[in-house]
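Everything on this sheet refers to the single structure shown next.
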Amino acid sequence: MNILLTGGAGYIGSHTAVELLAKGHSVVIADNLSNSHPAVIDRIETITGKRPLFFEADIADKKQTEAIFSACAEHQPIDAVIHFAGYKAVGESVAKPEIYYRNNIDSTLTLLETMQTFGVNKLIFSSSATVYGTEAEAPYTEQSPTGNCSNPYGWTKFMIEKILGGVALAHPEMSVVLLRYFNPVGAHESGLIGEDPDGIPNNLFPYISQVAIGRREKLSVFGNDYPTPDGTGVRDYIHVTDLAKGHVCALDYACLHTGVEVFNLGSGKGSSVLDIVRAYESASGRKIPYVIAPRRAGDLAVSYADPSKAKRLLGWQTEKSLSDMCKDSWKWQSQNPNGYRSSDE
Ligand code: NAD
Ligand code: UD1
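The numbering of the sequence shown is the numbering used here, which starts it at 746 and goes up by one.
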């Protein structure tokens, strides 16, 4: 099949491109490079021996998006779309909510309209465990309450889930799969692609990896007085390659079913911040100095998935361990100390 990945030059999209190409699919990437680097396309080709077709384009722009579907229709029409494109920084979404609502929701609506114009009816969407908000309790099942999101980014995911549910209902030929990711971390085992945040990382793994390489002095552990075994926050970390494989399974599922279905993609295991510090130290052989800092606003004590529905219906479960996540994150970080940018860029 020919699969369009919106936002496919980004962290999760690039790993998914690798897994799709490995399964014999063709891949088209459309990305405006607002949070990614064009070098990723070469890296995907180095890993797989196949080059995805790349369009630098804004998916919220109807003309640009239609042009991609049109160009593909002439050679190999698009059969399905995986929609990664969007902004994802929680803090920034609080400071600039209108930009987040505009980009995340507009890009989805434009994509949907264009899919309808070109008769494409399989869509997989990158949602997030953040939709469970503050009312649900771990382990989250897909039936756990959603909403009560603590930031605009989370609300965009919540709203897009509702939009896609309504569209699937109105168009019975459509197949929509909503994937709620837990905490994707790590990198491809080659060390050629990985997470490349701009500026100071907000998330734990990229922050720790920059401490390990010496770009940051120490980690601040946000709170050690949570009701958890060691007092630090507990999360469900999932290796990005396992997550990418989940998309291949979701695509197979979308080919066999219509309607809308939602799946948690997580490991089902919780790890604390201090568990991660220890695992990273042992994978990298580097000391991770840390200090205990106040809690971060909006953080939950505990979040982890019940991933049994994905196992039952998609035949998918995580295979990689916390040690693999740390080893691969470190390999990516140590081979690419400046991410995709060369040191003189
Ligand atoms: P990322 O920022 O690395 O990738 C997103 C890509 O989308 C980037 O390459 C960016 O340039 C592109 N993009 C943004 N707006 C666009 C637009 N209008 N048109 C075209 N391209 C556009 O992020 P990621 O970590 O790979 O996340 C992928 C998706 O998964 C996002 O929707 C994100 O919200 C969601 N998600 C991510 C996480 C996570 O922890 N990384 C967790 C849950 C959900
Ligand atoms: C964050 C987002 C969430 C998003 C998810 C994607 C917030 C509030 N939430 O979740 O919406 O879906 O990323 O992966 O940003 N920590 C530290 N020090 C740090 C960084 C983090 O102690 O420098 C702790 C946090 O308090 C948390 C854990 O590490 O307990 C994981 O944090 P992070 O990687 O930011 O992910 P989440 O907060 O789970």
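Glycine included, C-beta positions come from ideal geometry on N, C-alpha and C.
- Taking the C-beta atoms as reference points, His992 is found nearer than 9 Å to Leu765.
- Inclusion of Val1018 in the 8 Å shell around the ligand UD1 follows from its C-beta lying nearer than that to a non-hydrogen atom of the ligand.
- CA-to-CA, the gap between Gly864 and Lys1014 works out to about 40 Å.
- Beta-bridge partners assigned by DSSP to Ser873: Tyr926.
- For the pair Ile850 and Ile905, the Cα-to-Cα distance works out to about 7 Å.
- Asp776 has its Cβ nearer than 8 Å to a heavy atom of the ligand NAD.
- The Cβ atoms of Leu937 and Val1005 lie no closer than 9 Å to each other.
- Shown here, Ile827 sits in a strand according to DSSP, grouped into three states.
- The alpha-carbon of Glu1064 is positioned some 29 Å away from that of Asp776.
- For Phe863, there is no enclosing beta strand (DSSP E), since its DSSP letter is neither H nor E.
- Pairing Leu1045 with Thr891, the inter-Cα distance amounts to about 14 Å.
- Counted as a single uninterrupted DSSP element, the stretch harbouring Val1047 is not any alpha helix (DSSP H), since DSSP gives it neither H nor E.
- Distances from the alpha-carbon of Ile827 to those of Lys808, Lys807, Pro974 and Ser771 put Ser771 closest.
- Approximately 5 Å separates the beta-carbon atoms of Ala874 and Arg925; this is inside 8 Å, confirming the contact.
- Using a Cβ distance threshold of 9 Å, Ile869 and Val785 do not count as a contacting pair.
- With respect to Gly1011, Pro974 sits apart: the two C-beta atoms are not nearer than 9 Å.
- Between Trp1077 and Gly910, the gap from beta carbon to beta carbon reaches 9 Å or more.
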